[in-house]
Amino acid sequence: MRLSLTKKSILHLLLAAGAVTMILPFLWMVSTSLKPESEIFASPTWLPQVWRWGNYRAAMEAAAFGRYFLNTVLYSVLVTLSNLLLCSLAAYAFARLEFRGKNVLFVLVLATMMIPGQVTMVPVFVMLKHWPLAGGNDWLGAGGHGLLNSYPGLVLPAAVGAFGIFLLRQFFLTLPRELEDAARLDGCSEFGIYWRIILPLSKPALATLGIFTFTAAWNEFLWPLLITSKDSLKTLQIGLQVFQTQYTTRWDLLMAGTVVVTIPVLIVFLAGQKYFTRGIAMSGLKG
Amino acid sequence: MKAARHQPIAYAFLSPGLALFLVFTVIPVFAALYLSFCRYDVIHSPAWLGVRNYARLWQDITNHGVFYLSLRNTLQYAFGTIPLGLALALALALLLNARLKGMGVYRTTYYLPVVTSMVAVAMVWMWIYDPSYGLLNYLLARLSSGRITPQAWLADPGQAMAAIVAMSVWKGLGYNTVIYLAGLQGIPEHLYEAATIDGANAWQRFRRITWPLLKPTTAFILVVSVIGASQVFAQVYVMTNGGPNNATTTIVHQIFQNAFSYLKMGYASAMAFVLFALIFLLSLITLRLTRAGQVEYA
Amino acid sequence: MMGRLLLLLGCALLLGCGGGEPTAELELWITDFSSDNSTRVLLDKQLLPRFEAAHPGVKVNTQYISWAYIDQKLAISFAGGVQPDVFQVGAEYVGGLAYRGMAQPLDDRIAEWGQQSDFFPASWNTCVYQGKTYGLPYLSAPRVLLYRRDLLQRAGYAHPPDTWEELADAAQRMTVRDGTVTTLAGINLPVSWQVFVEFLWENGGQIFNEDGTRSRLDSPEAIEALQFYSDLYNQYQVCPTAGMPTIGGSIPVFASQKAAMEFNNQFGIRNVQKYAPALLPKVGLAPTPRRKQRVVSVYTDWLAMSPQSKHQDLAWELMTFLMEPDNLAAYNATLFFIPPRRSAVKAAKFMQETSQLQEFVSLMDQYGRSLPAIPEWFEIRTGLQSAVSAAIYQTKTPEQALRDYSRELDELLAERVKQ
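This is the structure in structure tokens:
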């Protein structure tokens, strides 16, 4: 749909005004990250009087951020891929397959989203610690530290999320059945339908889930903090917390660290958001 | 038998995800349910209490104790953030769906708050709300030529929750917008073209095509928002820690304090299941209201 | 033969190739660390390598966990059976840790060590529960009255206010208002249960009875104390109003010259050093005003040992190593705390550099008092904070707030007594 010039200008105006509200706090964050500490609370100024690019280096040197970066990337990518695969499989079953107990199971899946993680944290931790045949445990799960302080311990509890199953199931339900029915008549297996028809049509939803999962995993702080004690496993968010203590906050370093930590996720978003635009998703449904 | 037609295949599809789900989500939930009937200080084994934790919660509610306050605050938060967040997200998604140059940049800008960690965002907003040096009071004073006196915001029991609501709407806007954007992709272009040929204007196109076809998306966002808003915690913990004077403590904040500071994990688990009942009820109501389901194409 | 060789090789590989496994690994949790990295540099690059060099085969794995998350991490670790060997906790912790068996009583080791007398009693008592000592004090923060000598003199006071009456009077004289907005507060008091406890003690009152089983918050002394606190806010109106940065905000009130006095610990001095160094010579210290007695409340962070630690002797050596006067002084220097032992105070250069810090020490030594050790402090401080807030914000009268909370507190304490 082509828009007239006036409509385009109004659109730009509205979006720009909103964007300013969105971005204002970040501009302050970036400007703070470039100021020396003494200048930060002098008065609300936007441009630093002294541009302290060194804050970025100081922030990165405060802890093993290189290692943390690798850990965070690995963790986020693994959790995202696992969610995309496992949630889509389960969502396909809920949306398109008939089996006994389907509705009860789906309600159960939804219901688990309604229990806050604070009360399931301890059982999961104990379970990980007593995981049989891992981390020095015998087959009864005693003696060692199980899956604590390990990548599987970090990734497995987050590998499947009820949110992903819910999102994809709702999306699959909106897809028209004609293509699938045709494929079934042609003798295609359910897995073939899933892999060759449903998934390609679901790019917007998969992109959405992928971005959300990646963002959540990237920003996940509490669970890695509780599961890991070795520095070699820590993530970026844990690294950032050293700038904020009970008594003081090194705003300049904290903001510099936050800016650096936020950039990769933004890149992922920029890459993924093109799947929200028309043209890619609708191939195959017209006509 | 139709019901079991796909049974073996279904289980094949479900099993990897469901196995993990069972181990890491379902079993811990049932463990927590068991603990809600116990006294459990994390150090010693759980001791069976029967329904005593729930009885105490009921007492607290009838006496307007701190759990009651957290219920009230959580509902305030939910009613503050959900309608506003949804409406803004829909409007924004419609705007961002236009095929114009630079939309990618705009979308990224609106998603920026979502992408940033809650702790960093909360700290920035604590500065914005700072009574003396904060951006908000500064702007208000400038815009009103000094007539608006500095407000305490997070330090004022009457304003603190509203302040947290505003910050949360700001942070969550991009999230729901993205979901709406994805949902908008599912509306076939030819429907709009046909309507335009028939002479429908923008508002009619929205009312007759967009809004009804977005119902499943809206229902999804509503349910997810209800579930999420009822469990609000991080921003409360960082910005006000439940204060001032219990004005911002939420249910999950109470759960957190009881579980880890007071080491009353059993009592906290009971709170969690009361919360669960509340969320379940609200979700049912939401689904009823939106009567979501499959949408048929004419 | 081959089989046995392979088995041996396999074992060697399992035990870790190249470098050799440490014979013991100690887990140390630190909750107090400076945001500019100096604490971590001190521990990770200076102190702990020295300890490891003196104990070959021992590795210390340090985790820095901020106060916001320490409770969760502690609870989960104890639940899972992976407790740290040595961990740092705060002033309210000893009762709960001792009661639940999360900290090891150390009296025998302390007697053998023989250095207890070097520590300030108020700091030491923070680690004591029912006669047994569960740790070693690490960082102390005494709370005193900070005042601006110049503003006080202008108000006609040659000496800092000594009694409650003088406090209220001096504060009123020094308060400057511009319409309804207070531009200079007579005294900066946050709305805090800690301030209430100070007034309570100064009035000769107690929070609990002798054995910590009943509340004494409904006593006349307590009600008077809260009434006075509330009056400072609501009747005399000498405290900061909205629009003034509160403690914990961006620039503290006292340092930004918006208050003439405040109750604070040594961070009050550091704030002045940081934001208004020219003001420092004009800032004086005094014990918080008395009514029936003089009290300086002291909050101390301390190190505890887990009873499940597999290397208790080594853990004790780590603790005493960190307690050596020079090491203790260096650690406190990174955080600007008062070292809780006399020899460490002498060894601390930063203490000599600021004259007011020495006064903190003498006040702490003379009048210092720490919180009574009670297992339920976390719940109590939340409830007490609510009661104090209710009185200050005038949703209840001080008497009503305290009577209501006192009843709750009795129930809470009774639960423990019942078990």
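Residue numbers (the numbering used here), protein chains in the order written: chain Z, 31 to 317; chain L, 534 to 831; chain X, 18 to 436. Every residue gets a Cβ at the ideal spot worked out from N, C-alpha and C, and that includes glycine.
- Residue pairing from DSSP places X:Val103 in a beta bridge opposite X:Leu45, X:Met322.
- Chain L places a beta carbon closer than 9 Å to that of X:Ile93, counting this residue as a contact.
- With 16 or more other Cβ atoms from the protein chains shown falling within 10 Å of its own Cβ, L:Phe809 counts as buried.
- In this structure, X:Pro177 lies away from X:Gly74, with their beta-carbon atoms at least 9 Å apart.
- Counting along the chain, X:Ala431 sits inside the alpha helix (DSSP H) bounded by residues 415-435.
- DSSP places Z:Glu220 within a helical segment (H, G or I) once states are collapsed to three.
- Every unbroken stretch of the alpha helix (DSSP H) spanning 4 or more residues and falling wholly within the stretch 695-738 of chain L is given here in chain order: 722-730, 735-738.
- Where X:Tyr155 is concerned, there is no enclosing alpha helix (DSSP H), although the beta strand (DSSP E) around it starts and stops at 152-159.
- Residues of the same chain with a CB within less than 6 Å of the CB of X:Ser94, apart from the 5 flanking positions on each side, are Gln100 in chain order.
- Ranked by how close their Cα comes to the Cα of X:Gly400, the residues L:Ser802, L:Gln787, L:Ala801 have L:Gln787 in first place.
- One Cα belongs to L:Ala631, the other to Z:Thr110, and the distance between them is close to 29 Å.
- Nearest to L:Val785 by alpha-carbon distance, out of Z:Val80, Z:Gln148, Z:Leu41, Z:Tyr122, is Z:Gln148.
- The beta-bridge partner set that DSSP reports for X:Ile355 consists of X:Ser157.
- By the 16-neighbour rule on beta-carbons within 10 angstroms, Z:Val137 is exposed.
- Contact check for Z:Leu197 against Z:Ala125 fails: the beta carbons are separated by 9 Å or more.
- Put simply, the backbone Cα of L:Asn734 is about 22 Å away from that of Z:Leu45.
- Taken in chain order, the members of the stretch 288-302 of chain Z whose beta-carbon sits within less than 8 Å of a beta-carbon on chain L are Thr288, Val291, Thr292, Val295, Leu296, Phe299, Leu300.
- Taking a contact as a CB-CB distance under 8 Å, the pair L:Tyr610 and L:Ala762 counts as one, their CB atoms being some 6 Å apart.
- With a beta-carbon spacing of about 6 Å, X:Gly152 and X:Ala120 fall inside the 8 Å limit used to define contacts.
- In this structure, L:Leu669 sits near L:Gln684, with a CB-CB distance shorter than 9 Å.
- Cα atoms of Z:Tyr224 and Z:Leu119: separation of roughly 8 Å, rounded to the nearest angstrom.
- Of the candidates Z:Thr51, Z:Ile40, Z:Leu57, Z:Tyr98, the residue whose Cα lies closest to the Cα of Z:Val291 is Z:Tyr98.
- Here X:Tyr164 carries a strand assignment [DSSP, helix/strand/coil].
- Contact of X:Gly173 with chain L is not assigned, every C-beta pair being separated by 9 Å or more.
- By the C-beta criterion, the stretch 150-164 of chain X is judged to be in contact with the stretch 354-366 of chain X, since at least 3 inter-stretch pairs fall below 8 Å.
- Note that the C-beta distance between L:Ile594 and L:Leu582 is not below 9 Å.
- Annotation for Z:Leu184: Tyr105, Trp253, Pro254, Ile257, Thr258, Leu263 place their beta carbon closer than 8 Å to its own, counting only its chain and skipping 5 residues before and after.
- For L:Ala752, the closest C-alpha among the options L:Phe739, L:Tyr725, L:Arg675, L:Ile818 is that of L:Ile818.
- The contact set of X:Ser209 on chain L, defined by CB atoms closer than 9 Å, is empty, because the minimum CB distance reaches about 11 Å.
- Closest by C-alpha distance to L:Ala803, out of L:Ala620, L:Asn586, L:Asp731, L:Met772, is L:Asn586.
- If you check each beta-carbon in the stretch 101-121 of chain X against every beta-carbon of chain Z, none falls closer than 7 Å.
- Looking from the CA of X:Ile47, the closest CA among X:Gln147, X:Val77, X:Val214, X:Thr150 belongs to X:Val77.
- X:Met278 places its beta carbon less than 9 Å from that of X:Gly203.
- Spanning the alpha carbons of L:Val765 and X:Ser55 requires a straight line of approximately 35 Å.
- Taken atom to atom, the span from the alpha-carbon of X:Arg233 to that of X:Leu426 is near 9 Å.
- For Z:Lys132, the enclosing alpha helix (DSSP H) covers residues 132-142.
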